[in-house]
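Engineer:
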Amino acid sequence: MAVEVVQFLVRKFVDSLAEEAAAELPFRAHFYDVKAELEKAAISSTNADELRQCLYELNDLLAECRLLASRTNTRPGCFSPSEAWRSNRVKKRVIAVKRRVLRCVESDSSGNAASLEEEDSAAAGFSRWTTSWLEEGTVHGFDQQLAELESVAFGAECGAGGLTGVGIVGMGGVGKTALAQLVFNSPRARRRFFPRIWVCLSRTACAGADVRKEVLQSMLMALGLEEEVILSMDGGNSLGEMVFAVHEQLKGKRYLVVFDDVWNIDGWYADVVGRRNASPTGDEWAERLAFGLPKEKGGVVVVTSRLEQAAETMVGKSSLHRVQPLADGESCWAIFMDAFSKERRPADLTTVNNMKDEIIDTCGGLPSAAKTLGDIFARSLSSPASTSSQELSKNR
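Residue 20 is where the sequence shown starts when you use the working numbering, and the numbers rise one by one after that.
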């Protein structure tokens, strides 16, 4: 029965798409890619459930794209802030569903899936990857929150031993990673901690490998171990061997570690700043990440996560810092203008300035929203007008 339902939904999607043949449907190329794959796909009980969910969402997205296509703009090639934001979000959803469909029908041989990986990463936000690098002058509105975090992270007497935990939590796009980068690169951190290690867990969550090993490999690479030495740790207790190696490299040092964008909340990550007197032996080294973090010289562990439970598991509830959307609209405007000006192309600044209040309102205090809108406007408002049309056509 599940297969029949999917076949019905495929016909409904194909028919609905045919009705839009003469319309300027946004992201048309993505929809037609999906249509081509579905029409030749072998639908079976193994992929029916996932395809059914994809098709429900595809039909919803078609309806949403109709609304986008029928918007009433005062001038071609110009989005209002709310429309620009909505269009960008819809595009991300379309690409995400396209990827899921391609995987369901095992169409990698067509070449579409390979090309989609790169596009998906850039446009839809999959396999997000962060580093400790911070571009000067591009972070605005965090002065007070940074001062509070530095007071917690660096306020304790480091020589007393023990680790200080800091958990930075909040909704996606609110600036958790930016705050962690500010702490990591602050003059106080540079003076007081060596080494400083940045570990991004975003990408490991979908890499298909043992996430714990990838975390430890990242730490060992940052500590300067040769790649061949790290990869050679592949025996029966390789996890324990890696934890022990991290411990030996950090022993006797006052260090700072940032675990950015944590999603895993199992026991292996628990209480990384505790267990001060733990003395594991043999296979016990593999049981906890905490065993790899010596406590005698002191240090700081910073965790960022959308999931409060994940950060709480690692550093404790009392160590959480909840990041709130920026209350200062001018900070969002500064972020927007940084992104807008980065394209270094002539643009209609009068139009943008006239939209300032609406842009700030659309951002909702989220730095990532301000940056995204700046990128979108830089493409859609570039001069001359023909450039704007060309840029917009790429999004269809």
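No residue lacks a Cβ here, since even glycine has one placed at the ideal position from N, Cα and C.
Taking the alpha helix (DSSP H) that G348 belongs to, which residues open and close that run?
Structural biologist: It spans 348-361 - the alpha helix (DSSP H) in which G348 sits, taken as one unbroken run.
Engineer: Given 8 Å as the limit, is there contact between the region 312-328 and the region 152-165, that is, 3 or more CB pairs closer than that?
Structural biologist: Short answer: they don't touch.
Engineer: Per DSSP, which residues does D279 bridge with? Please list them.
Structural biologist: D279 is bridged to C219.
Engineer: So, for A329: in the same chain, excluding its five sequence neighbours on each side, which residues have a beta-carbon less than 6 Å away from its beta-carbon?
Structural biologist: Within the same chain, A329 has close Cβ partners V281, I284.
Engineer: I'd like to confirm the pairing. Which residues does DSSP put opposite L182 in its beta bridges?
Structural biologist: G318.
Engineer: Could you check whether I187 and V322 sit closer than 8 Å to each other, using their CB atoms as the reference points?
Structural biologist: Contact flag set, yes.
Engineer: Kindly indicate the opening and closing residues of the alpha helix (DSSP H) around H49.
Structural biologist: Unbroken alpha helix (DSSP H) run through H49: 47-59.
Engineer: Classify V33: buried if its beta carbon has 16 or more other beta carbons within 10 angstroms, exposed otherwise.
Structural biologist: Counting Cβ neighbours within 10 Å, V33 comes out exposed, since fewer than 16 surround it.
Engineer: Starting from H340, trace the beta strand (DSSP E) both ways and give me its first and last residue.
Structural biologist: Unbroken beta strand (DSSP E) run through H340: 339-341.
Engineer: What does a CB cutoff of less than 6 Å around P403 pick up in its chain, not counting 5 residues either side in sequence?
Structural biologist: Here P403 scores only 46 on pLDDT, less than 50, and its place in the model is too uncertain to base an answer on.
Engineer: Ends of the alpha helix (DSSP H) at V234?
Structural biologist: First-last of the alpha helix (DSSP H) with V234: 230-241.
Engineer: I'd like to know if the region 22-29 and the region 66-73 are in contact, where contact means that at least 3 CB-CB pairs between them fall below 8 Å.
Structural biologist: Output reads yes: the region 66-73 touches the region 22-29.
Engineer: Which same chain residues end up closer than 8 Å to V109 when comparing Cβ atoms and leaving out the 5 residues on each side of it in sequence?
Structural biologist: Around V109: P45, F46, L80, E83, C84, L87.
Engineer: Can you tell me where the alpha helix (DSSP H) holding A486 begins and where it ends?
Structural biologist: In this structure the chain extends from 20 to 415, so residue 486 is not present and cannot be described.
Engineer: Assign S257 to one of three DSSP states: helix, strand, or coil.
Structural biologist: Of the three classes helix, strand and coil, the one that applies to S257 here is helix, per DSSP.
Engineer: Rounded to whole angstroms, what is the Cα-Cα separation between A185 and L36?
Structural biologist: In the sequence as presented, Ala is not what sits at residue 185; that position holds Val. Approximately 50 Å, taken between the alpha carbons.
Engineer: Could you please give me the residues that DSSP links to Y75 through a beta bridge?
Structural biologist: DSSP, once it has assigned bridges, lists no residue as partnering Y75.
Engineer: Using a Cβ-Cβ cut-off of 6 Å (strictly less than) and excluding sequence neighbours within five positions of Y274, which residues of its own chain qualify?
Structural biologist: Answer for Y274: F212, P214, G318, listed in chain order.
Engineer: Go ahead and pull the three-state DSSP assignment for Q62.
Structural biologist: Sequence inspection shows Ile at residue 62; the Gln mentioned does not correspond to that position. In the structure shown, I62 sits in coil (DSSP, three-state: anything other than H, G, I, E or B).
Engineer: Could you tell me whether the Cβ atoms of A388 and A358 are closer together than 8 Å?
Structural biologist: No, the pair does not count as a contact, with Cβ atoms beyond the cut-off.
Engineer: My output table needs one value for V188: the three-state DSSP class, helix, strand or coil.
Structural biologist: In this structure, V188 counts as strand in the three-state DSSP scheme.
Engineer: Quick check: what's the CA-CA separation for G293 versus T332?
Structural biologist: Rounded to the nearest angstrom, the two C-alpha atoms are 11 Å apart.
Engineer: From the DSSP secondary-structure annotation, give me the bridge partner or partners of S324.
Structural biologist: Paired residues: V188.
Engineer: Short of 7 Å in beta carbon distance, which residues of its chain neighbour S237, apart from the five on each side in sequence? Order them along the chain.
Structural biologist: Correct list, in chain order: V218.
Engineer: From G335 to S324, what distance separates their C-alpha atoms?
Structural biologist: Answer to the nearest angstrom: the Cα atoms are 13 Å apart.
Engineer: Distance check for I378 and A55, CA to CA, integer angstroms please.
Structural biologist: Approximately 38 Å between the Cα atoms of the pair.
Engineer: Along the alpha helix (DSSP H) that carries D380, what are the first and last residues, could you check?
Structural biologist: From DSSP, the alpha helix (DSSP H) with D380 extends over 375-382.
Engineer: Grab me the residues of T149's own chain with a C-beta within less than 6 Å of its C-beta, minus the 5 sequence neighbours each way, in chain order.
Structural biologist: Within the same chain, T149 has close Cβ partners T196, C219, D279.
Engineer: Kindly identify the DSSP beta-bridge partner or partners of Y274.
Structural biologist: Looking at the DSSP assignment, Y274 forms a beta bridge with G318.
Engineer: Quick one: does G348 have its CB under 8 Å from some CB of chain D?
Structural biologist: The chain labelled as chain D is not found in the depicted structure, where only one protein chain is given.
Engineer: Just to check my reading of the structure: W304 and G259 have Cβ atoms closer than 8 Å, yes? What is that Cβ distance to the nearest angstrom?
Structural biologist: Right, their Cβ atoms sit about 4 Å apart.
Engineer: Less than 7 Å between C-beta atoms, sequence neighbours within five positions excluded: which residues of the same chain meet that for G271?
Structural biologist: Taken in chain order, the residues that qualify are K316.
Engineer: In the structure shown, what three-state DSSP assignment does H159 receive?
Structural biologist: Residue state, collapsed to three classes: coil.
Engineer: On the three-state DSSP scale, how would you describe G227?
Structural biologist: Low confidence applies to G227: its pLDDT is 49, below 50, so where it sits in the model is not reliable, and the reading given next is rough at best. DSSP places G227 in coil when its eight states are reduced to three.
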